[in-house]
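Residue numbering for the sequence shown follows my numbering, starting at 16 and increasing by one per position.
Note that beta-carbon positions come from the ideal geometry of N, C-alpha and C, so glycine has one too.
This one's a predicted model, so the numbers in the text were calculated from it and none came from an experiment.
Step one of this worksheet: look at the structure below.
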Amino acid sequence: MHIKKHLSFSSLRKLLSECFCKIPEYRQNTKVSYSIHDAVMSGFACMYFQDPSILQFQERMEKTLHRNNLSTLFGVKDIPKDSQLRNIVDEIASNKFEYFFEEFARNLQRGKQLDEYQILPNLYLHTLDATGYFSSESIHCPGCLTKTHNEGEEDEKIRFMHQALQVAIMHPDKRQVIPLMPEEIKNTDGQTKQDCETNAAKRLIKKLRTMHPRRGIILLGDDIYSRQPMIEEAKSHNMHYLFVVKPSSHKYLQEWVDAYKNLFTCEYTNFMKGERYVLEWMNKVSLHGGENAPEVNYLLCRVYKKDKKTGEEKKTYQNSWVTDIALDKGNVYKLARGGRCRWRIENECFNTLKNQGYNIERNYGHGEKNLCFNFYLLTLIAFAFHQVFELTDKLYQACRANFCSKMFMWEKLRSYIDLLIFESWEILLTFTLNPKEYIQWAKPPPAA
Ligand SMILES: [Zn+2]
């Protein structure tokens, strides 16, 4: 079976081990009982199997069999207690995880997997979107963002939140999204004004360019990005952009476009989906008409679909964007489809993280320093592993196809690792595909 070697479970897990081993020791060595590597990797294993009880089960296995799956699959020498895991993960500076994301993207590039994500020659869509991954009225830490409801009134309430600005590489023909290192939207000491998505975006853009100096990047963002400062930020880091423009927030631009009777126009039919795209565009329009306003290229997309019953055509989608890429007949359809797939970061990435059992932060508490965001990162890394296997690992794909739902497959995997020891991830999958081949029947216990 052909598996891209540098993207196999063991290669990615080794890469992760490398990343965790680089985290500097901060503890007084007299009291150290668990290595940082083992603690963080155990946390990762919980996220990977979406199972907070994995530590207890594997510890039990270790006691009776002197071996366990955390050691065979994840290279964990000593399994920490939950509280130790929590304390160690809380202390780690979140930027220590950047190394993994950087090398992970490099591995994808090396294996040519990234090539398939080009939307235009040598250009990749990088979608930006903020997500909230924690919210509470009681639990909080110094890094929490706050929102006050009914301020000054009797029923005043403060809500504590954690948010991250996520960036992911996407392609309209690809279900899988490739997550990159997110930027935390976070309050820091001494700052009176709360952090916000656009500030986080500025930090993220700068880091993204440092990490990948030569990659052709098109930033994809919603209407809050289509403003002069963000456009200038993208350009100053040698990035392209494709940002949504709402008519209500870009009145000048809209009036200008409306007054212009003959925009360039063309049509495309997506036969697979039975959709008709009507595209209109205009190059070199002023963003807001003011002095020093950036010149942008405007793209409007309308999608029509025939109703199956009545045969009547209805408009099912409409959106407009501004970009610095000169628009023509050859690229408007690709860009519009790219812009349209922005919702997928929400659907494929955030919702999967929240709904499919990845969200087990509540089992470890909130922490005082970085616990909350570090668990989000570990969850995201587990998600990245799974996305890569969906893309490249035939064994994983066969396993997925064998079960009606992803949830059910993971339930099986969890139950097997609680019972048996597997020397590798591949053996676990092979076993899961056809357990009967390995176990004929359960023998009755020997007579007393
Ligand atoms: Zn907090």
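- For M287, there is no enclosing alpha helix (DSSP H), as DSSP gives it neither H nor E.
- Only buried fits I193, as 16 or more other CB atoms lie within 10 angstroms of its CB.
- For F175, the shortest C-beta to heavy atom distance toward ligand 1 is below 7 Å.
- From the listed residues N84, T161 and S264, the smallest Cα separation to M56 is found for N84.
- The alpha-carbon separation between G382 and A54 amounts to approximately 15 Å.
- DSSP places S57 in the uninterrupted alpha helix (DSSP H) bounded by I51 to Y63.
- Taking non-hydrogen atoms of ligand 1 into account, the C-beta of C36 is found less than 7 Å away from none of them.
- For G147, the distance from the CB to the nearest heavy atom of ligand 1 is not below 7 Å.
- If you check the CB distance, N202 and C159 come in under 8 Å.
- By the C-beta density criterion, V260 is buried, having at least 16 other C-beta atoms within 10 angstroms.
- For M226, the secondary structure class from DSSP, reduced to helix, strand or coil, is helix.
- Ranked by how close their Cα comes to the Cα of L444, the residues P460, D408, P461 and P459 have D408 in first place.
- Taking F279 as the centre and dropping the five residues before and after it, the same chain places the C-beta of W296 closer than 6 Å to its C-beta, in chain order.
- Distance from the CA of D273 to the CA of Q178, rounded to the nearest whole angstrom, comes to 38 Å.
- Distance between T79 and E426, taken at the CA atoms: about 24 Å.
- For the pair of segments examined, the segment 126-143 was found not to touch the segment 87-106: the number of CB pairs separated by less than 8 Å stays below three.
- At a cut-off of 7 Å, the beta-carbon of G158 counts as near ligand 1: some heavy atom of the ligand is closer than that.
- In the same chain as F64, and ignoring 5 residues on each side of it, the C-beta atoms closer than 6 Å to its own belong to R429, in chain order.
- Secondary structure note for V318: it is in no alpha helix (DSSP H), and the uninterrupted beta strand (DSSP E) holding it is E310 to K321.
- Collapsing the DSSP output to three states places N102 in a helix.
- With contact defined as three or more Cβ pairs closer than 8 Å, the segment 228-237 and the segment 250-258 are in contact.
- Q73 and P309 have their C-alpha atoms roughly 59 Å apart.
- Taking 7 Å as the cut-off, one finds at least one heavy atom of ligand 1 near enough to the beta carbon of H155.
- In the DSSP assignment, L434 falls within the unbroken alpha helix (DSSP H) covering K421 to L434.
- DSSP, read as helix, strand or coil, puts D144 in strand.
- The criterion of a C-beta distance shorter than 8 Å is not satisfied by E33 and I51.
- Rounded to the nearest whole angstrom, the C-alpha separation of Y348 and Y283 is 7 Å.
- With 16 or more neighbouring CB atoms inside 10 Å of its own CB, A120 falls in the buried class.
- Under the DSSP assignment, I232 falls outside any alpha helix (DSSP H), being part of the beta strand (DSSP E) whose first and last residues are I232 to G236.
- DSSP lists L294 as the bridge partner or partners of C281.
- With a cutoff of 8 Å on beta-carbon distance, A351 and L314 are scored as near each other.
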